[in-house]
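**Student:** Numbering (the working numbering), first residue to last: 1 to 60.
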Amino acid sequence: MSDLSAHRRATTSVADATAAFRAELITDYIAARRTGVWSDELRLLAEARRYDEVNPDDTV
């Protein structure tokens, strides 16, 4: 692991990682909606639900 990579990992909080993952899921979901492929949309919704069950967001 590079020094830069180690530094980034050391300074990334769980909240930051969770927010980044959720933002990526939303971006992917919007892209799937635009393509009209319902199976991709459903897969992303299922992934988001699984993630939320394991990592509940108490701020909402």
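Cβ coordinates follow ideal geometry from the N, Cα and C atoms, glycine included.
Everything numeric in this text was worked out from a predicted model, so none of it was measured.
Would you kindly work out how many angstroms separate the C-alpha atoms of W38 and A32, rounded to a whole number?
**Tutor:** Computed Cα separation, rounded: 8 Å.
**Student:** Which of the three DSSP states, helix, strand or coil, is assigned to V54?
**Tutor:** Helix, per DSSP.
**Student:** With DSSP run on the structure shown, which of helix, strand or coil describes T11?
**Tutor:** Here T11 sits in helix by DSSP.
**Student:** With T18 and N55 assumed to form a contact (beta carbons below 8 Å), what rounded beta-carbon distance in angstroms separates them?
**Tutor:** Rounded, the Cβ-Cβ distance is 6 Å, consistent with contact.
**Student:** So what's S39 in DSSP terms, helix, strand or just coil?
**Tutor:** S39 falls in the helix class under three-state DSSP.
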